[in-house]
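Below is one structure; the comments refer to it alone.
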Amino acid sequence: MSETVLEIKKGRGCVLLCLSDGETLRVPASLYRERKVREGETIEPMLYKAFILQRGPSHAMDAAVRLLSVADRTEKELRERLEGVGYPEAVVEGVLQKLVDLNLVNDARYAEVWTRSRAHRQGRQRLRQELTRRGVSREDTEEALSVITDEEQL
Numbered sequence: 013m014s015e016t017v018l019e020i021k022k023g024r025g026c027v028l029l030c031l032s033d034g035e036t037l038r039v040p041a042s043l044y045r046e047r048k049v050r051e052g053e054t055i056e057p058m059l060y061k062a063f064i065l066q067r068g069p070s071h072a073m074d075a076a077v078r079l080l081s082v083a084d085r086t087e088k089e090l091r092e093r094l095e096g097v098g099y100p101e102a103v104v105e106g107v108l109q110k111l112v113d114l115n116l117v118n119d120a121r122y123a124e125v126w127t128r129s130r131a132h133r134q135g136r137q138r139l140r141q142e143l144t145r146r147g148v149s150r151e152d153t154e155e156a157l158s159v160i161t162d163e164e165q166l
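Going by the working numbering, the first residue of the sequence shown is number 13, and it counts up by one from there.
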């Protein structure tokens, strides 16, 4: 079923297509640049979503690698960023699995490095809360906290 694009809004890393049926389609900016539409144009939302599923993995991988080049991140942080700009869950899961397989994303390593860098400024409880908020598992968090000495805490 065709829908008319009523409004196009630019977001952070994405473009929102407001359609005549009331639906809003969130499109990653890099994919929107490949297949631009204009206000008043008619599109097939299902075909546009299929395009995102088809072309999304390579674009999502590029975006994830860019994010990792700036700072180490947890799986949860990457998932939230990629889904936040409009990549479908299936695309995000595939990209994250590949990054984990390549050892580019490793929550246990992240927890250890992150904890050591902050051990002198924050207590164990605060570190535990922050790692939990970032999506690190309880086991990885406790392992990272167990290697901090009392001297490092002081």
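Backbone N, C-alpha and C fix where the C-beta goes; we use that ideal spot for every residue, glycine too.
Note that the coordinates shown come from a computational prediction; the quantities given were computed from them, not determined experimentally.
Exposed unless 16 or more other CB atoms sit within 10 angstroms - verdict on residue i
{"i": "residue 65", "result": "exposed"}
{"i": "residue 97", "result": "buried"}
{"i": "residue 91", "result": "buried"}
{"i": "residue 87", "result": "buried"}
{"i": "residue 74", "result": "exposed"}
Residue i versus residue j: straight-line alpha-carbon distance, rounded
{"i": "residue 27", "j": "residue 147", "result": "27 angstroms"}
{"i": "residue 104", "j": "residue 58", "result": "19 angstroms"}
{"i": "residue 141", "j": "residue 23", "result": "30 angstroms"}
{"i": "residue 49", "j": "residue 17", "result": "8 angstroms"}
{"i": "residue 89", "j": "residue 137", "result": "21 angstroms"}
{"i": "residue 101", "j": "residue 67", "result": "14 angstroms"}
{"i": "residue 41", "j": "residue 25", "result": "5 angstroms"}
Top-ranked residue by Cα proximity to residue i, from the options
{"i": "residue 127", "options": "72, 154 and 111", "result": "154"}
{"i": "residue 156", "options": "133, 122 and 71", "result": "122"}
{"i": "residue 133", "options": "81, 160, 34 and 151", "result": "160"}
{"i": "residue 149", "options": "119, 99, 135 and 125", "result": "119"}
{"i": "residue 62", "options": "43, 80, 54 and 75", "result": "43"}
{"i": "residue 39", "options": "60, 53 and 69", "result": "60"}
{"i": "residue 145", "options": "158, 80 and 85", "result": "85"}
Sub-8 angstroms separation of residue i and residue j beta-carbons
{"i": "residue 139", "j": "residue 130", "result": "yes"}
{"i": "residue 15", "j": "residue 32", "result": "yes"}
{"i": "residue 46", "j": "residue 20", "result": "no"}
{"i": "residue 107", "j": "residue 72", "result": "yes"}
{"i": "residue 76", "j": "residue 94", "result": "yes"}
Where residue i sits in the DSSP three-state scheme
{"i": "residue 100", "result": "coil"}
{"i": "residue 39", "result": "strand"}
{"i": "residue 142", "result": "helix"}
{"i": "residue 21", "result": "strand"}
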